[in-house]
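In my numbering, each number is its position in the sequence shown, counted from 1, plus 569. Beta carbons: idealized from backbone N, C-alpha and C, even for Gly. All figures in this text were calculated on a predicted structure; none of them were measured in a lab. One structure below.
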Amino acid sequence: MRESGHAEVRDLVARGELLTAYDRAAELLEHHDDDPTLRYLAALALARAGAPNQAGAELAKLDEGGASFEGLPRLEEDVAALRARLVKDTALALTGEDRRRSAAEASGLYEAVYREHGSYFACINAATMARVADETERAEVLAREARELVAAPRADDAEEDDAYWRAATRAEAALLLGERQAAAQAMADAISASDGNPALRATTRRQLQLVCRETGLDPALVEGLPVPSVLHFTGHRFTGRDEDEDALRAAIDDKLDETGARIAFGALAYGADILVAEQVLARGDSLHVVLPCPADQFVEWSVAPGGENWIERFDTCIAEATSVWCDPSYAPAEDAVVYAFGSRLAMGHTVIAADALTSVAFQLALWDGENGESEAGTGSDVRAWQETGRVTEVIPCRHPDTAAAAKPGGGAPPMELRAMVFADFRGFSKLDERQVVAFYESVMAAMADSIDHSGDEVLFRNSWGDGLYLVYQTARGAALGSLALQEAFRSLDLPALGLPPDMGLRIGVHAGPVFAAPDPIRREPSYFGTHVTRTARIEPRTPPGEVYMTASSAALLALDPVPGMTPEYVGHFATAKEFGVFPMYVLTRR
């Protein structure tokens, strides 16, 4: 059972399904908490997904649990190498002397693994990080040693990917030694040994691009080691005739071949959506379904109008998809804002997946070229995607949208796509009267000043006791504002104010469709709805000093990112008051 779980997670990692791999590992660890291989795989998935802090936390659990590697020398080596990799990731996010010093530390850790286990993988990483640390002579010595190691296989080098890693190591060593022709040949060998494993190529591309930058070589040299692109798909709804579908299927296949797409994100409305999804699945590639509401409501709105056949095809796609995410909130009526929300989520997750693979995200649209004025629909999706500066591949499709416009909601107020922030302070309930006065005069005043700096991004603000409720126009604004609040709080000298030094600010961020209407009690404009409630339930589960954000807000932020600001995936978390379990990210600056 454990071995099959290991294989399942390894397969997901190999396919580049890094967040899905972590979630599956975490699920298995609930029943096998003492399994060091699963814990390592969970940490590996997070590290490759760009979440080094959370990967380190997973490795720390190995130490806390007193994990034994008796009889598992290769796993012990892999864990040690991953620890070195996390130091490497930290080094590469730094600049100047801090970067050089941290790179030297990472190189030393890798070399220790190499000397103890004879690992060419650790040896070549030690060489590259020595180069980053400006230790050129040492880097070249280690590169030559790594090349000698790959020429003489160890007795336990029988893993499926060993041929690939040997070729990749030869390429990296050649680049460090300035041997471009040898590097090109080694990359060609790596390509032939890595079919069906985009994660391997992504990891190597990132490493070889680093070597090129450090040695002054053209990073274009690495383009010969391709990784699959990731697509967001959208298109018109239609019932169609068989010959129409055949022509569109052929066109979809051609686009998938041209772009090298192997991972796809989108909804499953009848017509274009389902047609693209079926072609992705028929090719054995990864389909990730993103729906803006519960599946039964989506079927009622967006599948059933096409006929019973489309419902059957929808069910088949759902059953065969790599992952399915449905927002649990039922909308009061079919609304353009709800559709737009779902499309933006799928787009954002497309970008996140492509970034993790050092790949390209693009959009495939079966579209008639008409933009229209609606907030949702194919034209709206194309506009939103192209506003990010990315490419849309269009397959001409004459069928118009039939159900993307907003419809009356039975008297419900209008909905808007907004980002919400809830925050409170650990330790507030234990303050005495004098401390409460100091808290309001100093801490809350600092929070108010920080909120003011967000300007027009803040649409609504409220407080009660130590609680804050803020509504921002965008996820970007909420992310910037939330980190600014944390930084403003950290800048305060709490003991000098007579406040406990262990007070901490916790912040939860979420984005989704909310109602905009006057508050009948306060008699002023306000925002309400289940997405507001969800944000409120996230905040109590957030560790003090952190900003946690839902996958929804992380996806929207990916479409309009802030340089130096990174959401790191932390897995599925249960919210307060049993409101639900949701995938969460922690927001940090790098």
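Exercise for the section: Give the DSSP-derived three-state secondary structure of residue 1072 in the structure shown. Expected result: Within the sequence shown, residue 1072 is the residue found at index 503, counting from 1. Of the three classes helix, strand and coil, the one that applies to residue 1072 here is coil, per DSSP.
Exercise for the section: Please go through the same chain and pick out, in chain order, the residues whose beta-carbon is closer than 6 Å to the beta-carbon of residue 872, but skip the five residues on each side of it. Expected result: Stepping through the sequence shown from its first residue, residue 872 is reached at position 303. Correct list, in chain order: 839, 879, 880, 883.
Handout entry: Nearest candidate by alpha-carbon position, reference residue 1126, set 1047, 707, 711, 1116
Key = In the sequence shown, counting from the first residue as 1, residue 1126 sits at position 557. That would be 1047, whose Cα lies nearest to the Cα of residue 1126.
Handout entry: Residues sharing a beta bridge with residue 895, DSSP
Key = Mapped onto the sequence shown, residue 895 falls at position 326. Looking at the DSSP assignment, residue 895 forms a beta bridge with 860.
Practice task
Compute the distance between the beta-carbons of residue 837 and residue 858, then report whether it is under 7 Å.
Solution key: As a first step, residue 837 is located in the sequence shown; it is residue number 268 there, counting from the start. As a first step, residue 858 is located in the sequence shown; it is residue number 289 there, counting from the start. Closer than 7 Å, so yes.
Practice task
Please confirm if the region 800 to 808 is in contact with the region 763 to 779, defined as three or more CB-CB distances below 8 Å between the two stretches.
Solution key: no
Handout entry: C-alpha gap between residue 912 and residue 1065, whole angstroms
Key = On the sequence shown, residue 912 is found 343 positions in, with the first residue counted as 1. On the sequence shown, residue 1065 is found 496 positions in, with the first residue counted as 1. Rounded to the nearest angstrom, the two C-alpha atoms are 49 Å apart.
Practice task
Please state if the CB of residue 853 and the CB of residue 842 are separated by a distance shorter than 7 Å.
Solution key: Sequence index remark: in the sequence shown, residue 842 carries index 273 (1-based). Sequence index remark: in the sequence shown, residue 853 carries index 284 (1-based). Contact flag unset, no.
Problem - Meets three-Cβ-pair contact criterion under 8 Å: the region 705 to 723 and the region 735 to 743 - result: yes
Handout entry: Those runs of the alpha helix (DSSP H) which lie wholly inside the region 805 to 829 and span at least 4 residues
Key = 811 to 828
Handout entry: Beta carbon proximity, residue 705 to chain C, threshold 7 Å
Key = Of the protein chains in the structure, only one exists, and it is not chain C.
Problem - Within the region 751 to 798, ranges of the alpha helix (DSSP H) (whole runs, at least 4 residues) - result: 767 to 784
Exercise for the section: Take every Cβ of the region 1020 to 1029, pair it with every Cβ of the region 1128 to 1148, and state whether three or more of those distances are shorter than 8 Å. Expected result: no
Handout entry: CB of residue 653 within 7 Å of CB of residue 614, strictly
Key = Reading the sequence shown from its first residue, position 84 is the one you call residue 653. Reading the sequence shown from its first residue, position 45 is the one you call residue 614. No, the pair does not count as a contact, with Cβ atoms beyond the cut-off.
Problem - residue 1055 in three-state terms, based on DSSP - result: In the sequence shown, counting from the first residue as 1, residue 1055 sits at position 486. Reduced to three states, the DSSP call for residue 1055 is helix.
Problem - C-alpha gap between residue 622 and residue 1082, whole angstroms - result: For the purposes of this step, residue 622 is identified with residue 53 of the sequence shown, where counting begins at 1. For the purposes of this step, residue 1082 is identified with residue 513 of the sequence shown, where counting begins at 1. Their Cα atoms are separated by approximately 31 Å.
Problem - Where residue 852 falls: helix, strand or coil (DSSP) - result: Counting from 1 along the sequence shown, the entry for residue 852 is found at position 283. Three-state DSSP puts residue 852 in coil, outside helix and strand.
Exercise for the section: Determine which residues share a DSSP beta bridge with residue 1027 and list them. Expected result: Taking the sequence shown and counting its residues from 1, the one referred to as residue 1027 is at position 458. Bridge partners of residue 1027: 1041.
Practice task
Out of 1080, 720, 1031, point me to the one whose CA is closest to residue 906's CA.
Solution key: Position 337 of the sequence shown, counted from the first residue, corresponds to residue 906. It is 1080 whose Cα lies nearest to the Cα of residue 906.
Problem - Host beta strand (DSSP E) of residue 661 (start-end) - result: The residue given as residue 661 occupies position 92 in the sequence shown. Counting along the chain, residue 661 falls outside any beta strand (DSSP E), though it belongs to the alpha helix (DSSP H) covering 642 to 661.
Handout entry: Terminal residues of the beta strand (DSSP E) in which residue 987 lies
Key = Locating residue 987 in the sequence shown gives position 418, counting from the first residue. Taken as a continuous stretch (DSSP letters only), the beta strand (DSSP E) holding residue 987 covers 984 to 995.
Exercise for the section: Would you list the one or two residues that DSSP bridges to residue 1095? Expected result: For the purposes of this step, residue 1095 is identified with residue 526 of the sequence shown, where counting begins at 1. Answer is 1086.
Exercise for the section: Indicate whether residue 657 and residue 681 have their beta-carbon atoms separated by less than 7 Å. Expected result: For the purposes of this step, residue 657 is identified with residue 88 of the sequence shown, where counting begins at 1. For the purposes of this step, residue 681 is identified with residue 112 of the sequence shown, where counting begins at 1. Taking 7 Å as the Cβ cut-off, residue 657 and residue 681 do not qualify as a contacting pair.
Practice task
Following the continuous alpha helix (DSSP H) through residue 967, name the residue where it begins and the one where it ends.
Solution key: The residue you call residue 967 lines up with position 398 of the sequence shown. It is not in any alpha helix (DSSP H) - residue 967 carries neither H nor E in the DSSP assignment.
Exercise for the section: Measure from the alpha carbon of residue 1106 to the alpha carbon of each residue in 776, 922, 1118, 1114, then state which is nearest. Expected result: Here residue 1106 is taken as the residue at index 537 of the sequence shown, counted from 1. Considering only alpha carbons, the answer is 1118.
Problem - Endpoints, the alpha helix (DSSP H) within which residue 735 is located - result: Looking up residue 735 in the sequence shown gives position 166. Counting along the chain, the alpha helix (DSSP H) containing residue 735 begins and ends at 731 to 745.
Exercise for the section: Would you grab the beta carbon distance between residue 772 and residue 759 for me? Rounded to a whole angstrom, and I think it's under 8 Å. Expected result: Stepping through the sequence shown from its first residue, residue 772 is reached at position 203. Stepping through the sequence shown from its first residue, residue 759 is reached at position 190. In fact, because the Cβ distance is near 11 Å, the residues do not count as touching under 8 Å.
Practice task
Look at residue 597 and residue 619 and say whether their C-beta atoms are less than 7 Å apart.
Solution key: Start at 1 with the first residue of the sequence shown, and residue 597 comes out as number 28. Start at 1 with the first residue of the sequence shown, and residue 619 comes out as number 50. It is not a contact, given that the beta carbons lie outside the stated cut-off.
Practice task
Indicate whether the contact test is met: 3 or more Cβ pairs, each with one atom in the region 1098 to 1116 and one in the region 1143 to 1155, closer than 8 Å.
Solution key: yes
Problem - Boundaries (first-last residue) of the beta strand (DSSP E) holding residue 1151 - result: As a working mapping, residue 1151 is identified with position 582 in the sequence shown. Where residue 1151 is concerned, the enclosing beta strand (DSSP E) stretches over 1150 to 1158.
Practice task
Compute the beta-carbon to beta-carbon distance between residue 1084 and residue 981, rounded to the nearest angstrom, for a pair I have assumed lies under 8 Å.
Solution key: As a working note, residue 1084 is residue 515 in the sequence shown. As a working note, residue 981 is residue 412 in the sequence shown. Their Cβ separation, rounded to whole angstroms, is 7 Å, which keeps residue 1084 and residue 981 in contact under 8 Å.
Problem - Contact set for residue 707: own chain, Cβ-Cβ below 6 Å, skip 5 residues either direction - result: Numbered from 1 along the sequence shown, position 138 holds the residue referred to as residue 707. Contacts found: 699.
Handout entry: Bridge partners - residue 935, DSSP secondary structure assignment
Key = As a working mapping, residue 935 is identified with position 366 in the sequence shown. 804, 964.
Handout entry: Cβ neighbours of residue 1151 in the same chain (closer than 6 Å, five flanking residues each side left out)
Key = The sequence position of residue 1151 within the sequence shown is 582, counting from 1. So the qualifying residues of the chain are 1119.
Practice task
Please report the Cβ distance between residue 997 and residue 937, rounded to the nearest whole angstrom; I am assuming they are in contact, meaning their Cβ atoms lie under 8 Å.
Solution key: Numbered from its first residue, the sequence shown carries residue 997 at position 428. Numbered from its first residue, the sequence shown carries residue 937 at position 368. Their Cβ separation, rounded to whole angstroms, is 56 Å, which puts residue 997 and residue 937 out of contact at 8 Å.
Handout entry: Beta-carbon proximity check, residue 923 vs residue 796, cutoff 7 Å
Key = Walking along the sequence shown from the start, residue 923 turns up at place 354. Walking along the sequence shown from the start, residue 796 turns up at place 227. For residue 923 and residue 796, no; Cβs fall outside 7 Å.
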